[in-house]
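*Asks:* Starting off with a structure, shown below.
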């Protein structure tokens, strides 16, 4: 029931994806940095990039885009990280909150 609202686009590889987008719109998420996701200044059209759940982002991406990499802080050092779906949901909500929640009715609805 949500599929009509989803804009799916495919790229042959990560390099093709990166070449097709403005670097200033890219936000990368990894467990390998200390900058928390809530310090990101998400703007309309931001692209949230996550790596594979088992491997994360390639090290060369983290190095190349170090200033655009963020993490979800974990309170307990014994817990490695949340799963990918949870991370995507947390960060996506923060991006939505920064750009639209102040305009949403309470309770919020999607039209």
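Numbering (the working numbering), first residue to last: 105 to 215. Backbone N, C-alpha and C define an ideal beta-carbon position, used for all residues, glycine too.
#1: Count the CB pairs spanning the region 191-198 and the region 161-168 that are closer than 8 Å, and state whether there are at least three.
#2: In chain order, which continuous runs of the alpha helix (DSSP H) of length 4 or greater are located wholly inside the region 134-176?
#3: Just to confirm, are residue 132 and residue 161 a CB contact at a threshold of 9 Å?
#4: Taking the straight line between their C-alpha atoms, what separation do you get for residue 150 and residue 172?
#5: So the candidates are 119, 204, 175; which of them puts its Cα closest to the Cα of residue 241?
#6: Under the three-state reduction of DSSP, which class applies to residue 131: helix, strand or coil?
*Replies:* In short:
#1: Contact between the region 191-198 and the region 161-168 is absent, with fewer than three C-beta pairs closer than 8 Å.
#2: 163-168
#3: yes
#4: 12 Å
#5: No answer is possible for residue 241: the residues shown for the chain start at 105 and end at 215.
#6: Note: residue 131 maps to strand in three-state DSSP.
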